[in-house]
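Numbered by full-length UniProt numbering, the letters in the sequence shown go through residues 1 to 138 in order. Ideal Cβ placement from N, Cα and C applies to all residues, glycine included.
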Amino acid sequence: MSCFCLLSGPRCTDPRDEGKGKEKLLKYFYDPRSQGCVPFFYRGEGGSSNRFSSDRDCVKACSPKVCSLPKDEGACFAAIPKYYYDTEEKMCLMFLYRGCNGNANRFDSREDCHNMCAGQKKGTMLSLLRYPKVQKLY
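What follows is the structure, given as structure tokens:
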């Protein structure tokens, strides 16, 4: 099991802990096994430090190499348009996400992909070309 938790250290490896209380707040935790951020409901009090307000905050803190992960369409039977950063093409491309599993190199929009992966040094996140193209889907 490997973890790209270079930025926040133990925060990204703490187990998920929903905490105590009566609230149901949507939060995200970093799962080292899937190398991605997973939603959960936080109860409002206590819990571990592996808790983020948004998927984007979680990815930024715990997955600095997210853009170099391979495309992973996931499992299940959905066909949800998403974007991933392609290290060979050096741009964001569209793919169909199957709805579950997969990895953190998956973005809701080309803009989100670009914002996460553009302008980074080689070896962490690769740079993005100015005019991305859409991958042909068959």
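What does the alpha-carbon distance come out to for the pair residue i and residue j?
| i | j | result |
| --- | --- | --- |
| T13 | N50 | 7 Å |
| S68 | K24 | 34 Å |
| E18 | S48 | 8 Å |
| C92 | N103 | 15 Å |
| C66 | T87 | At residue 66 the sequence reads Val, which differs from the Cys that was named. Cα to Cα, the separation comes out at about 11 Å. |
| F95 | F52 | 26 Å |
| I80 | G44 | 32 Å |
Excluding five sequence neighbours on each side, which residues of the same chain lie with their C-beta closer than 7 Å to the C-beta of residue i?
| i | result |
| --- | --- |
| S109 | Y83 |
| F41 | E18, K24, L25, L26 |
Can you name, in chain order, every residue of its own chain whose Cβ lies under 8 Å from the Cβ of residue i, other than the five neighbours on each side?
| i | result |
| --- | --- |
| D31 | R16, C37, V38 |
| S54 | Y28 |
| G46 | D17, G19, K20, G21 |
Hey, residue i and residue j are a contact pair by Cβ (cut 8 Å); roughly how many whole angstroms apart?
| i | j | result |
| --- | --- | --- |
| R11 | A61 | 7 Å |
| C100 | A75 | 5 Å |
Going along the chain, which residues of its own chain have a beta-carbon closer than 6 Å to the beta-carbon of residue i, five neighbours each way excluded?
| i | result |
| --- | --- |
| K122 | Residue placement at K122 is flagged as unreliable, the pLDDT there being 41, under the threshold of 50; the coordinate-derived value follows with that caveat. Cβ neighbours of K122 beyond the five flanking positions: none. |
Item to complete: Counting only runs of 4+ residues fully inside the segment 26-95, write out the alpha helix (DSSP H) ranges in chain order.
Response: 55-62
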